[in-house]
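Before any comments, here is the structure.
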Amino acid sequence: MARKTFGMDQYTYQQLLEQIRRRTQGRNEKVAQYIIDLQSTLNKLRPQLDIQTQLDYLHGGMLPELQKMVRRKCLRFVDDLFDEAVEAENTIIRAEQYRAPIQDETVWPELRYQADKNESSYKLAAMPDHKEEITSLIKSQIEVTQLLTNSIRESEKRQAEALQQISKSITELQMQKVGFAGKPEGQKNAQPPKNAEHNPTKQPSSMNSKSKKTKEIYCYGCGAQNVFKKNCPKCSGNAESRE
1 MARKTFGMDQ
11 YTYQQLLEQI
21 RRRTQGRNEK
31 VAQYIIDLQS
41 TLNKLRPQLD
51 IQTQLDYLHG
61 GMLPELQKMV
71 RRKCLRFVDD
81 LFDEAVEAEN
91 TIIRAEQYRA
101 PIQDETVWPE
111 LRYQADKNES
121 SYKLAAMPDH
131 KEEITSLIKS
141 QIEVTQLLTN
151 SIRESEKRQA
161 EALQQISKSI
171 TELQMQKVGF
181 AGKPEGQKNA
191 QPPKNAEHNP
201 TKQPSSMNSK
211 SKKTKEIYCY
221 GCGAQNVFKK
231 NCPKCSGNAE
241 SRE
């Protein structure tokens, strides 16, 4: 029972108070959890400490930034400390989400940020500055855009040069065909044959041969067919010699 209520001698009592004094809020510990745990231990002390002494222990063990934001002399009860500390902690969390303004961020002149040359540059410890990261990111995007634009222009230039060279080659080839022998190629074949030009009415020799073969032969003496007069048995006296 004595251990449960911390009823103990003066030496042990002082040792316990020293441990309570050394109990501070962890960097990743919520202030509400810290106050609840430490207040629960303080309430079990016999004899109990007065409210102002308890506030000294609780306030002195909080994170330094919370001690700066929560004024100790304005606190009367532990509940006041609890509410003020939680609100201060939430304020720090919201402040860590702050981002610096960018001059070209808005199109409205009234909302555009104008940096003062004589403006003092300061930085809160609990507020990380992402301005340099944002500036670096913007520069990188601009460089990538310029490289892409230059690459597109170079590609279009090479394509135009290739098309121009092809068009030039086609034109030269057409000129060579047209200018061969001083006349178009089809004009030479259009000239009539030499024999036909001098005697257009003369028939080909093949046709004459054919007409000769088909012409009938007669004897001039008696008119017998297919024989000449010298071969005719009636007119040449061949018949008498045969007799």
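Be aware that the sequence shown starts at 1, since it is given in the UniProt record's numbering, and climbs by one per residue. For every residue, glycine included, the Cβ atom is placed at its ideal position computed from N, Cα and C. A quick note: this is a predicted structure, and the numbers were derived from the prediction, not measured.
- DSSP, reduced to helix, strand and coil, places TYR218 within a strand of the structure shown.
- Taken through DSSP and simplified to helix, strand or coil, GLN225 comes out as strand.
- Secondary structure at PHE77: coil, using DSSP grouped into helix, strand and coil.
- Rounded to whole angstroms, the separation of the alpha carbons of GLU96 and ILE35 is 23 Å.
- Rounded to the nearest angstrom, the gap between the Cα atoms of GLY60 and THR135 is 41 Å.
- DSSP, reduced to helix, strand and coil, places ALA100 outside both helices and strands of the structure shown, so it counts as coil.
- Around the CB of VAL70, 16 or more other CB atoms lie within 10 Å, so the residue is classed as buried.
- Of the residues assessed, VAL31 falls on the buried side of the cut-off, its CB having 16 or more other CB atoms within 10 angstroms.
- For GLU18, the enclosing alpha helix (DSSP H) covers residues 10–22.
- Between the stretch 71–81 and the stretch 35–55 there are three or more inter-stretch CB-CB distances shorter than 8 Å, so the stretches are counted as touching.
- Note on geometry: alpha-carbon atoms of LYS139 and ALA162 lie some 35 Å from one another.
- Within 10 angstroms of the beta-carbon of LEU173 lie fewer than 16 other beta-carbons, which makes it exposed.
- The beta-carbon distance between GLU87 and LEU66, rounded to whole angstroms, is 10 Å. This is too long to meet the 8 Å contact definition.
- In this structure, DSSP gives ARG153 a helical state, which the three-state scheme calls helix.
- DSSP, read as helix, strand or coil, puts ARG46 in coil.
- Going by DSSP, MET62 is part of no alpha helix (DSSP H) at all; its letter is neither H nor E.
- GLN165 sits in a helix when the DSSP states are folded into three classes.
- The beta carbons of LYS234 and TYR220 sit about 12 Å from each other, so the pair does not count as a contact at 8 Å.
- Taking the C-beta atoms as reference points, ASN226 is found nearer than 7 Å to ILE217.
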